[in-house]
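One structure below.
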Amino acid sequence: MIAARTINFTLNGAPVTADVKPHHNVVELLQAQFGLTGARETCGQGLCGCCTVIVNGLAVSGCLYLASFIDGAEVVTVESLDAGGKLSPVQEAFIETSAFQCGFCTPGFVLMVTQLLDEHPDPSDDQIKHYLTGNLCRCATYPEVMQAVKLAAKKRKGA
Amino acid sequence: MIPFDLAEPKSLSEAIKLLDPDDATVRPIAGGTALMLMMKAGVFRPQKLVSLRKIESKYSGIVASHDGLRIGAMTTLGVIERSAEVRKHAPVITRTMITLSNVRVRNVATVGGALAHGDPHMDLPPVLMALGATITIVGPKGERSLALEDLFSGYYETTLEKNELIAEVHVPSQGPKKAAYMKVTTGSADDWPALGVAVVMEADGKAIKSARVVVSAATTKATRMKSAEAALAGKTVDDKVLAQAGDAAAEDAEILADVRGSVPYKRELIRVYVRRAVRAAIDGQGAH
Numbered sequence: 000m001i002a003a004r005t006i007n008f009t010l011n012g013a014p015v016t017a018d019v020k021p022h023h024n025v026v027e028l029l030q031a032q033f034g035l036t037g038a039r040e041t042c043g044q045g046l047c048g049c050c051t052v053i054v055n056g057l058a059v060s061g062c063l064y065l066a067s068f069i070d071g072a073e074v075v076t077v078e079s080l081d082a083g084g085k086l087s088p089v090q091e092a093f094i095e096t097s098a099f100q101c102g103f104c105t106p107g108f109v110l111m112v113t114q115l116l117d118e119h120p121d122p123s124d125d126q127i128k129h130y131l132t133g134n135l136c137r138c139a140t141y142p143e144v145m146q147a148v149k150l151a152a153k154k155r156k157g158a
Numbered sequence: 000m001i002p003f004d005l006a007e008p009k010s011l012s013e014a015i016k017l018l019d020p021d022d023a024t025v026r027p028i029a030g031g032t033a034l035m036l037m038m039k040a041g042v043f044r045p046q047k048l049v050s051l052r053k054i055e056s057k058y059s060g061i062v063a064s065h066d067g068l069r070i071g072a073m074t075t076l077g078v079i080e081r082s083a084e085v086r087k088h089a090p091v092i093t094r095t096m097i098t099l100s101n102v103r104v105r106n107v108a109t110v111g112g113a114l115a116h117g118d119p120h121m122d123l124p125p126v127l128m129a130l131g132a133t134i135t136i137v138g139p140k141g142e143r144s145l146a147l148e149d150l151f152s153g154y155y156e157t158t159l160e161k162n163e164l165i166a167e168v169h170v171p172s173q174g175p176k177k178a179a180y181m182k183v184t185t186g187s188a189d190d191w192p193a194l195g196v197a198v199v200m201e202a203d204g205k206a207i208k209s210a211r212v213v214v215s216a217a218t219t220k221a222t223r224m225k226s227a228e229a230a231l232a233g234k235t236v237d238d239k240v241l242a243q244a245g246d247a248a249a250e251d252a253e254i255l256a257d258v259r260g261s262v263p264y265k266r267e268l269i270r271v272y273v274r275r276a277v278r279a280a281i282d283g284q285g286a287h
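Order-wise, the sequence lines are chains A and B.
Numbering of the first sequence is given in numbering that gives the first Met the number 0, commencing with residue 0 and proceeding in unit increments.
Numbering of the second sequence is given in numbering that gives the first Met the number 0, commencing with residue 0 and proceeding in unit increments.
Written out as structure tokens, the structure is:
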């Protein structure tokens, strides 16, 4: 029996502590111990983007990231985006362009688009496609996602 | 995943001591993006992983000098992608990154891991090999230097001892050399490649002095295509020379069939894409 270890990290701005075993991944940790279900393990291979979380400012696949490795890190999940009760510009843009159908992939897309616009505030079509190549939407709302990114870019500039 | 133990040594030398050359269930983990897939699939069942994430910070950084780049093995692909020094000294690497897996994997995967894993489908090994990269390997007996082309010994196999670790990658400056990397995906656009071709050439206009041509993914390991290199050296590029280089590589490659293509199909891809990659490098198009 391999013992759990205690890790400390910042989750959406608040310092937290958790007990994890070496084989647990970040998605398992967030769901089981913090009740956060925005990041979900879906393809389990880092291809689909549904498990996206931000670790120390960088997007990672939570399903391929050992929970032990976030000891001391700053972790941000999709649940932080509407903190204070107001949707983020990216969330608003997804709703206004109907950039989803079933909505399962949406948390991952919203987080990745937020990162994309942090890096490229006014992205070209090519930049959008390359940045989101690791996010899959089985309802195929890709054209609407492209519109959402452009609308979100406008909203962020106006904000 | 099945449970395993995790060690997090603070130094490279401590990490090496924790590895056991006689126990294949004790293995190092860097970014872990590739290893996690193997563990989830159950093809790799470790008793203990030795994480390299807490070793000295000098192993995750890029230092440029007049003759090229020294890239610490723990440097993530994302850091390499965004590095102004890499863009200046080896722009073919920067261009390759755009279509290498995806942003999240690049943010976590390391260059040392990408090499030590010995996976023939990865994009960086053929590019670094074509650039003439060498690696520094550290083990219990000390340090040794190895040409990257001598690292890969087979399908997911390398010449590293089980208690040796890659510490650093040295990439000579591209300088005026012309370079390109092309890959072919046969499933979705961002699938693992059926073929990768990297070309780095010394050339004056269309007159090639020397060439390095490396084929990957279609083959059991990233492999220099010396017959294609010979077909290009000293020649002025025209359709005939390109066809000779493509044919030479297609004939020499030891090709592996998989879900991305049969042997005859991949052989034809090599024939066509060696030609295209040389043309792209000469035309300054670089990569796609």
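Beta carbons: idealized from backbone N, C-alpha and C, even for Gly.
Run down chain B in chain order and give the residues with a C-beta less than 8 Å from the C-beta of residue i.
{"i": "G32(A)", "result": "Per the sequence shown, residue 32(A) should be read as Gln rather than Gly. Near Q32(A) there are no residues of chain B at all, since even the closest Cβ is about 17 Å away, more than 8 Å."}
{"i": "G133(A)", "result": "S100, N101, V102, R103, V104 and D189"}
{"i": "S60(A)", "result": "T32, R103, V104 and V107"}
Residue i: buried (16+ other C-beta within 10 angstroms of its C-beta) or exposed?
{"i": "V62(B)", "result": "exposed"}
{"i": "T96(A)", "result": "buried"}
{"i": "A89(B)", "result": "buried"}
{"i": "R290(B)", "result": "Missing from the structure shown is residue 290(B); chain B here goes from 0 to 287 and no further."}
{"i": "H287(B)", "result": "Confidence at H287(B) is low in this model, with a pLDDT of 49, below 50, so its placement is unreliable and the value that follows should be read with caution. Exposed is the call here."}
{"i": "M169(B)", "result": "Correcting the residue type first, residue 169(B) is His in the shown sequence and not Met. With 16 or more Cβ atoms within 10 Å of its Cβ, H169(B) is classed as buried."}
{"i": "M96(B)", "result": "buried"}
{"i": "A217(B)", "result": "buried"}
{"i": "P122(A)", "result": "buried"}
{"i": "C104(A)", "result": "buried"}
{"i": "E250(B)", "result": "exposed"}
{"i": "Y58(B)", "result": "buried"}
{"i": "V15(A)", "result": "exposed"}
{"i": "A2(A)", "result": "exposed"}
{"i": "Y272(B)", "result": "buried"}
{"i": "G31(B)", "result": "buried"}
{"i": "N7(A)", "result": "exposed"}
{"i": "I136(B)", "result": "buried"}
{"i": "V153(B)", "result": "Rather than Val, the amino acid found at residue 153(B) in this sequence is Gly. The residue is exposed, with fewer than 16 neighbouring Cβ atoms inside 10 Å."}
{"i": "M41(B)", "result": "For clarity, residue 41(B) is Gly in the given sequence; the question names Met instead. When all chains shown are included, G41(B) counts as exposed."}
{"i": "P142(A)", "result": "exposed"}
{"i": "M0(A)", "result": "exposed"}
{"i": "A82(A)", "result": "exposed"}
{"i": "T36(A)", "result": "exposed"}
{"i": "A252(B)", "result": "buried"}
Using a C-beta to C-beta distance shorter than 8 Å, which residues of chain A count as neighbours of residue i?
{"i": "F3(B)", "result": "I1, P21 and H22"}
{"i": "G77(B)", "result": "L57"}
Whose CA, out of the options, lies closest to the CA of residue i?
{"i": "G289(B)", "options": "K47(B), L76(B) and A232(B)", "result": "Look at the range of chain B in this structure, 0 to 287, and you will see that residue 289(B) is not part of it."}
{"i": "A193(B)", "options": "V25(B), K87(B), R94(B) and I269(B)", "result": "I269(B)"}
{"i": "K156(A)", "options": "H119(A), C50(A), K85(A) and T140(A)", "result": "H119(A)"}
{"i": "I1(B)", "options": "I134(B), L48(B), P27(B) and L68(B)", "result": "L48(B)"}
{"i": "C165(A)", "options": "D124(A), G37(A) and C47(A)", "result": "With chain A represented from 0 up to 158, any question about residue 165(A) goes unanswered, as that position is not in the structure."}
{"i": "G195(B)", "options": "D203(B), S215(B) and T135(B)", "result": "S215(B)"}
{"i": "D237(B)", "options": "K205(B), S209(B), R86(B) and E253(B)", "result": "K205(B)"}
{"i": "A188(B)", "options": "T98(B), T24(B), A229(B) and H65(B)", "result": "T98(B)"}
{"i": "V258(B)", "options": "A242(B), P124(B) and D190(B)", "result": "D190(B)"}
{"i": "R275(B)", "options": "P263(B), L255(B) and V240(B)", "result": "V240(B)"}
{"i": "S226(B)", "options": "K234(B), V212(B) and V262(B)", "result": "V212(B)"}
{"i": "L36(B)", "options": "T36(A), A31(A), Q32(A) and G43(A)", "result": "G43(A)"}
{"i": "M200(B)", "options": "P175(B), G186(B) and T185(B)", "result": "P175(B)"}
{"i": "T109(B)", "options": "A146(B), I165(B) and G245(B)", "result": "I165(B)"}
Check the Cβ of residue i against every Cβ in chain A and list those closer than 9 Å, keeping chain order.
{"i": "M0(B)", "result": "H22, H23 and N24"}
Identify the contact partners of residue i in chain B, using a Cβ-Cβ distance below 7 Å as the criterion.
{"i": "F68(A)", "result": "R52"}
{"i": "L80(A)", "result": "Simply none; closest approach about 18 Å."}
{"i": "L65(A)", "result": "G31"}
Which residues in chain B sit within 9 Å of residue i, going by Cβ to Cβ distance?
{"i": "L86(A)", "result": "The contacting residues do not exist; L86(A) stays about 23 Å from chain B at best."}
Segment contact flag, the stretch 109 to 121 of chain B with the stretch 212 to 231 of chain B, C-beta cutoff 8 Å, min 3 pairs
yes
Mind listing which residues of the stretch 19 to 52 of chain A have their C-beta closer than 8 Å to chain B's C-betas, in chain order?
K20, P21, H22, N24, G43, Q44, G45, L46, G48 and T51
Cβ pair count under 8 Å reaching 3, the stretch 140 to 149 of chain B against the stretch 98 to 107 of chain B
no
Would the stretch 174 to 188 of chain B and the stretch 262 to 280 of chain B be scored as touching if the rule is three or more Cβ pairs under 8 Å?
yes
Please identify, using Cβ separations under 7 Å, the residues of the stretch 23 to 47 of chain B that lie next to chain A, in order along the chain.
G31, T32, M35, L36 and K39
Selection of the stretch 82 to 116 of chain B by Cβ proximity to chain A, strictly under 9 Å
I97, T98, S100, N101, V102, R103, V104, N106 and V107
Check whether the stretch 143 to 159 of chain B touches the stretch 6 to 16 of chain B, counting contact only when three or more Cβ pairs, one atom from each stretch, lie closer than 8 Å.
no
Under 8 Å, CB to CB, which of the residues in the stretch 173 to 191 of chain B have a partner in chain A?
A188 and D189
Interface positions of the stretch 129 to 154 of chain A facing chain B (Cβ-Cβ less than 7 Å), listed along the chain
H129, Y130, T132 and G133
Can you find at least 3 beta carbon pairs, one from the stretch 122 to 133 of chain A and one from the stretch 68 to 78 of chain A, that sit closer than 8 Å?
no
If we count Cβ pairs, one from each stretch, closer than 8 Å, do we get three or more for the stretch 16 to 27 of chain A versus the stretch 60 to 67 of chain A?
yes
Should the stretch 41 to 57 of chain A be regarded as contacting the stretch 109 to 116 of chain A, the criterion being three or more beta carbon pairs within less than 8 Å?
yes
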